Amino acid sequence: MKIYTNPTCHYCKKIKDSLDNANVKYEEINASENQTEWNELVRITGIGITPTILMQEEVWIPNRDFRTPEELIQRIQHFEKNP
Numbered sequence: 071m072k073i074y075t076n077p078t079c080h081y082c083k084k085i086k087d088s089l090d091n092a093n094v095k096y097e098e099i100n101a102s103e104n105q106t107e108w109n110e111l112v113r114i115t116g117i118g119i120t121p122t123i124l125m126q127e128e129v130w131i132p133n134r135d136f137r138t139p140e141e142l143i144q145r146i147q148h149f150e151k152n153p
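Using our numbering, read the sequence shown as starting at 71 and increasing by one per residue.
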């Protein structure tokens with residue numbers, strides 16, 4: 071799982087803290103430092119907000135695919151049980 075973040079994004083920090091507390095492993099990608107990869111993801115999704123979660127081939131975006139950090143963790147756990 072990859073999480074695309076931005077250093078000035080407070081919600082990104084909240085999501086990462088929740089993932090860490092739940093012992094969810096992830097790779098953090100700084101969107102500002104990885105512009106080519108980030109721009110491709112934005113081109114594909116049409117949405118350029120952080121945090122954006124890439125779970126295998128699925129892209130999860132806040133307020134579209136999850137509303138709270140807890141909801142994201144539940145979704146991750148469900149996905150891991152039913153890939």
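Note that the Cβ used here is the ideal one computed from N, Cα and C, for glycine as well. As the structure is a prediction and not an experimental result, all values here were calculated from the model.
C-beta atoms of Trp130 and Ile123 nearer than 8 Å: In the sequence shown, residue 130 corresponds to position 60, counting from 1. In the sequence shown, residue 123 corresponds to position 53, counting from 1. Contact flag set, yes.
Nearest by alpha-carbon distance to Ser88: which of His148, Gln144, Glu150 is it? To locate residue 88, count along the sequence shown from 1; it is residue 18. The shortest Cα separation from Ser88 among His148, Gln144, Glu150 belongs to Gln144.
DSSP beta-bridge partners for Leu124? On the sequence shown, position 54 is the one that residue 124 refers to. Leu124 is bridged to Lys72, Val129.
Rounding to the nearest angstrom, what Cα-Cα distance links Leu111 and Ile73 in this structure? Within the sequence shown, the letter at position 41 stands for residue 111. Within the sequence shown, the letter at position 3 stands for residue 73. Going by the C-alpha atoms only, they are around 12 Å apart.
Going straight from the alpha carbon of Asn152 to that of Ala92, what length do you get? Here residue 152 refers to the residue found at position 82 of the sequence shown. Here residue 92 refers to the residue found at position 22 of the sequence shown. Using only the alpha carbons, I get a separation of about 19 Å.
Identity of the residues DSSP links to Glu98 by a beta bridge: Numbered from 1 along the sequence shown, position 28 holds the residue referred to as residue 98. Note: Glu98 sits in a beta bridge opposite Ile73.
Residues near Pro139 by beta carbon distance below 7 Å, same chain, minus five either side: As a working note, residue 139 is residue 69 in the sequence shown. Contacts found: Lys84, Ile85, Ser88.
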